[in-house]
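Right, one structure below, let's go through it.
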Amino acid sequence: MRKLFTISLLALLAACGGKESDSTEQKNILENLTYTVDTVVVDPGDEIINLKYGLIISSLSPDHQTLYKLDGGTIKLQEINLDKLALTASYPFENEGPNGVASFGSQLTSLGDEKFLFSGPHKIGKFSKTGELSQDFDYSMDKLLDSEKHQGNMLSQFAFIDEKQMGFLLETNYNDPVFNLVTINFKEENSKVIDLPEMDVTHDFRVMHIDNNYTSRWKQSVRIQTINSKVYITTEVSSGLYRYDPKLDSLEYITFPLTLTATQKTRKIKNEVSSAQERKEQTALINSEVRFNELLWDDKSNQFFRFSSILIPSNSEEPSTKNEVFLSAFDSQLNLIGEKKLEELFTVPETAFFKDGKLWSFVNVEDELGFAVFTFDF
0 MRKLFTISLL
10 ALLAACGGKE
20 SDSTEQKNIL
30 ENLTYTVDTV
40 VVDPGDEIIN
50 LKYGLIISSL
60 SPDHQTLYKL
70 DGGTIKLQEI
80 NLDKLALTAS
90 YPFENEGPNG
100 VASFGSQLTS
110 LGDEKFLFSG
120 PHKIGKFSKT
130 GELSQDFDYS
140 MDKLLDSEKH
150 QGNMLSQFAF
160 IDEKQMGFLL
170 ETNYNDPVFN
180 LVTINFKEEN
190 SKVIDLPEMD
200 VTHDFRVMHI
210 DNNYTSRWKQ
220 SVRIQTINSK
230 VYITTEVSSG
240 LYRYDPKLDS
250 LEYITFPLTL
260 TATQKTRKIK
270 NEVSSAQERK
280 EQTALINSEV
290 RFNELLWDDK
300 SNQFFRFSSI
310 LIPSNSEEPS
320 TKNEVFLSAF
330 DSQLNLIGEK
340 KLEELFTVPE
350 TAFFKDGKLW
360 SFVNVEDELG
370 FAVFTFDF
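Here is the structure:
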């Protein structure tokens, strides 16, 4: 596809060369891992924390001490103190008008200075916690991106590095194997596109069902994250990932010598089906192989962690909800240092993050916001 900008050929050859993560043969740090789980519930005070869609429009503060959640019904930004386990403030926003958030999309990013980004495929804007749109940070994608951008591609998965004033988006196309990292320099108001060829395998694991005039699509996800001023791109279908360093403008693909699971899905999938039964069969094939989650970063141990899972087949007509769950550990340079099957866990922790050395995971406790807090003992 046509690129907005291109990396120089020498830089691309040097930076995109595949690298296999080193592993520490002498020690698997997860070999003797045990853990305890405590469930905590947030006090909403006199308000209601609407969990109909979970934490779909939410963001952690950069220090992971505060969770911000936008209530899509009331258009209030709710501030939840994770130390106090209490909803401590609500800030009214507007849906429409000069300060309306609706046109900016539904992805929320906390910047840590009482400022927030709302982003979507068409616009990006910075808002104060009182709901005011910053006049110097209000962008349309048409302004930031070359007008000759390939038609039909979608932009999603916005991530931001505040200190560099750089944003990152995933560019995809359902019908074609298009996976690009779009980088935006907000200071200079320019952008470029970097091809991610190792993500193309994700395109093989999609299913489309056309029934009269209705088309349903089912696909695997590619995710973009910013951690410690670097960008990480992961896919559900493979353990391999990209690391992009904006400072060096370098892109590196890293693979891992996993021993407990396969390193990627390999089954041949029928991408276009003509019946609901066929769709069910093909998605079952996809789910029968390993699925990889995004990276988790623990500031306390200075390590990465990553969950993966394999669906356990159902013995009845009801779809299975149980998985074999695995945890991998990596040092700060993404060298594999541990693997473990978590025998007592049958679902991957949802909306997980590390806080003060413990893993937190969203749970709905009788329609109240709760978290399962994992304490790991290595």
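The sequence shown begins at 0 in numbering that gives the first Met the number 0 and counts up one residue at a time. Beta carbons: idealized from backbone N, C-alpha and C, even for Gly.
_Residues of its chain near residue 19, where Cβ-Cβ distance is below 6 Å and the 5 sequence neighbours each way are ignored_ = Counting from one through the sequence shown, the residue named residue 19 turns up at place 20. Contacts found: 254.
_Host beta strand (DSSP E) of residue 134 (start-end)_ = In the sequence shown, counting from the first residue as 1, residue 134 sits at position 135. Unbroken beta strand (DSSP E) run through residue 134: 132–139.
*Every unbroken beta strand (DSSP E) inside the segment 43–87 [3 residues or more]*: 57–59, 65–70 and 75–80
*Report the residue from 364, 365, 366 and 360 whose alpha carbon sits nearest the alpha carbon of residue 372.*
As a first step, residue 372 is located in the sequence shown; it is residue number 373 there, counting from the start. Residue 372 has its Cα closest to that of 360, out of 364, 365, 366 and 360.
*According to the neighbour-count rule (16 or more other Cβ atoms, all chains shown, within 10 Å of its Cβ), is residue 239 buried or exposed?*
Start at 1 with the first residue of the sequence shown, and residue 239 comes out as number 240. Residue 239 should be labelled buried.
*Validate contact between the segment 342–353 and the segment 291–306 using beta carbons, cut 8 Å, 3 pairs*: yes
*Between the segment 211–218 and the segment 175–185, do three or more beta carbon pairs fall short of 8 Å?*
no
*asked:* Measuring alpha carbon to alpha carbon, tell me which residue in 203, 195 and 91 is nearest residue 174.
replied: Taking the sequence shown and counting its residues from 1, one reaches residue 174 at position 175. It is 203.
*Compute the Euclidean distance between the alpha carbons of residue 61 and residue 109, then round it to the nearest angstrom.*
For the purposes of this step, residue 61 is identified with residue 62 of the sequence shown, where counting begins at 1. For the purposes of this step, residue 109 is identified with residue 110 of the sequence shown, where counting begins at 1. Between residue 61 and residue 109, the C-alpha separation is close to 7 Å.
*Since residue 84 contacts residue 36 with CB under 8 Å, what's their CB separation in whole angstroms?*
Taking the sequence shown and counting its residues from 1, the one referred to as residue 84 is at position 85. Taking the sequence shown and counting its residues from 1, the one referred to as residue 36 is at position 37. With 8 Å as the limit, residue 84 and residue 36 do not qualify as a contact, their Cβ atoms being about 16 Å apart.
*asked:* In the DSSP output, what is residue 199 paired with across the bridge?
replied: The sequence position of residue 199 within the sequence shown is 200, counting from 1. Paired residue(s): none; residue 199 is not in a bridge.
*Supposed contact pair residue 27 and residue 338 - C-beta distance, whole angstroms, cut 8 Å*: As a working note, residue 338 is residue 339 in the sequence shown. As a working note, residue 27 is residue 28 in the sequence shown. About 6 Å; that satisfies the 8 Å criterion.
*What's the call for residue 162, buried or exposed, on a 16-neighbour Cβ count within 10 Å?*
Along the sequence shown, one-based indexing puts residue 162 at 163. Burial call: exposed.
*For residue 87, does the count of other Cβ atoms within 10 angstroms reach 16, so buried, or fall short, so exposed?*
Walking along the sequence shown from the start, residue 87 turns up at place 88. Exposed, because fewer than 16 other Cβ atoms sit within 10 Å of the Cβ of residue 87.
*Grab the span of the alpha helix (DSSP H) containing residue 282 for me, first residue to last.*
Your numbering for residue 282 matches position 283 in the sequence shown. That run of the alpha helix (DSSP H) goes 275–286.
*Leaving out five residues on either side along the sequence, give the residues of the same chain with a beta carbon under 8 Å from the beta carbon of residue 313.*
Looking up residue 313 in the sequence shown gives position 314. These residues qualify, in order along the chain: 319.
*Report the three-state DSSP secondary structure of residue 142 (helix, strand or coil).*
Counting from one through the sequence shown, the residue named residue 142 turns up at place 143. DSSP places residue 142 in helix when its eight states are reduced to three.
*Roughly how many angstroms separate the alpha carbons of residue 250 and residue 376, rounded to a whole number?*
On the sequence shown, residue 250 is found 251 positions in, with the first residue counted as 1. On the sequence shown, residue 376 is found 377 positions in, with the first residue counted as 1. Between residue 250 and residue 376, the C-alpha separation is close to 35 Å.
*Do you know whose CA, among 47, 46 and 95, lies nearest residue 131's CA?*
Start at 1 with the first residue of the sequence shown, and residue 131 comes out as number 132. Taking only the C-alpha atoms, the option nearest residue 131 is 95.
_Does residue 112 come out as helix, strand or coil in the three-state DSSP assignment?_
As a position in the sequence shown, residue 112 is number 113, starting the count at 1. Coil at residue 112, not helix or strand.
*Whole-angstrom distance between residue 53 and residue 342, CA atom to CA atom*: The residue you call residue 342 lines up with position 343 of the sequence shown. The residue you call residue 53 lines up with position 54 of the sequence shown. The alpha-carbon atoms of residue 342 and residue 53 are separated by roughly 26 Å.
*Ordered along the chain, which non-local residues of its own chain (more than five positions away) have a Cβ less than 7 Å from that of residue 235?*
Reading the sequence shown from its first residue, position 236 is the one you call residue 235. Cβ within range, chain order: 219, 220, 290 and 291.
*Rounded to a whole number of angstroms, what is the C-alpha to C-alpha distance between residue 252 and residue 122?*
Taking the first residue of the sequence shown as 1, we reach residue 252 at position 253. Taking the first residue of the sequence shown as 1, we reach residue 122 at position 123. Using only the alpha carbons, I get a separation of about 30 Å.
*Looking at C-alpha atoms only, which residue of 304, 167, 258 and 237 is the closest neighbour of residue 243?*
Here residue 243 refers to the residue found at position 244 when the sequence shown is read from its first residue. Relative to the Cα of residue 243, the nearest Cα in the group 304, 167, 258 and 237 belongs to 167.
*Can the beta-carbon of residue 286 be found less than 7 Å from the beta-carbon of residue 257?*
For this step, residue 286 is matched to residue 287 along the sequence shown. For this step, residue 257 is matched to residue 258 along the sequence shown. Not a contact, by the Cβ cut-off of 7 Å.
*Do you know how far the Cα of residue 169 is from the Cα of residue 119?*
As a first step, residue 119 is located in the sequence shown; it is residue number 120 there, counting from the start. As a first step, residue 169 is located in the sequence shown; it is residue number 170 there, counting from the start. Each residue's alpha carbon lies about 11 Å from the other.
*So which of 186, 205, 184 and 70 has the shortest CA-CA distance to residue 92?*
Here residue 92 refers to the residue found at position 93 of the sequence shown. Comparing Cα positions, the closest option is 70.
*Nearest neighbour of residue 75, chosen from 63, 51 and 47 [CA to CA]*: In the sequence shown, the residue the question calls residue 75 occupies position 76. Minimum Cα distance to residue 75 is reached at 47.
*According to the neighbour-count rule (16 or more other Cβ atoms, all chains shown, within 10 Å of its Cβ), is residue 193 buried or exposed?*
Locating residue 193 in the sequence shown gives position 194, counting from the first residue. Classification of residue 193: buried, given that the 10 Å Cβ count is 16 or more.
*Indicate the three-state DSSP secondary structure (helix, strand or coil) for residue 306 in the structure shown.*
Sequence index remark: in the sequence shown, residue 306 carries index 307 (1-based). Residue 306 falls in the strand class under three-state DSSP.
*Is the beta carbon of residue 329 less than 7 Å from the beta carbon of residue 340?*
As a working note, residue 329 is residue 330 in the sequence shown. As a working note, residue 340 is residue 341 in the sequence shown. Not closer than 7 Å, so no.
_Rounded separation between residue 281 and residue 267 - CA only_ = Numbered from its first residue, the sequence shown carries residue 281 at position 282. Numbered from its first residue, the sequence shown carries residue 267 at position 268. So the two alpha carbons sit approximately 9 Å from each other.
*Who are residue 93's beta bridge partners in DSSP?*
Within the sequence shown, the letter at position 94 stands for residue 93. BP columns for residue 93 point to 99.
*For residue 124, count neighbouring C-beta atoms within 10 Å of its own C-beta (all shown protein chains included) and say buried if the count is 16 or more, exposed if not.*
In the sequence shown, counting from the first residue as 1, residue 124 sits at position 125. The residue in question, residue 124, is buried, as its Cβ has 16 or more Cβ neighbours within 10 Å.
_Check whether residue 157 and residue 106 have beta carbons under 7 Å apart_ = Here residue 157 is taken as the residue at index 158 of the sequence shown, counted from 1. Here residue 106 is taken as the residue at index 107 of the sequence shown, counted from 1. Cβ distance < 7 Å, so residue 157 and residue 106 count as in contact.
_So, under 8 Å CB-CB, residue 347 and residue 304 are touching, yes? Tell me the CB distance rounded to an integer number of Å._
As a first step, residue 347 is located in the sequence shown; it is residue number 348 there, counting from the start. As a first step, residue 304 is located in the sequence shown; it is residue number 305 there, counting from the start. With a contact defined as Cβ atoms closer than 8 Å, residue 347 and residue 304 miss out at about 12 Å.
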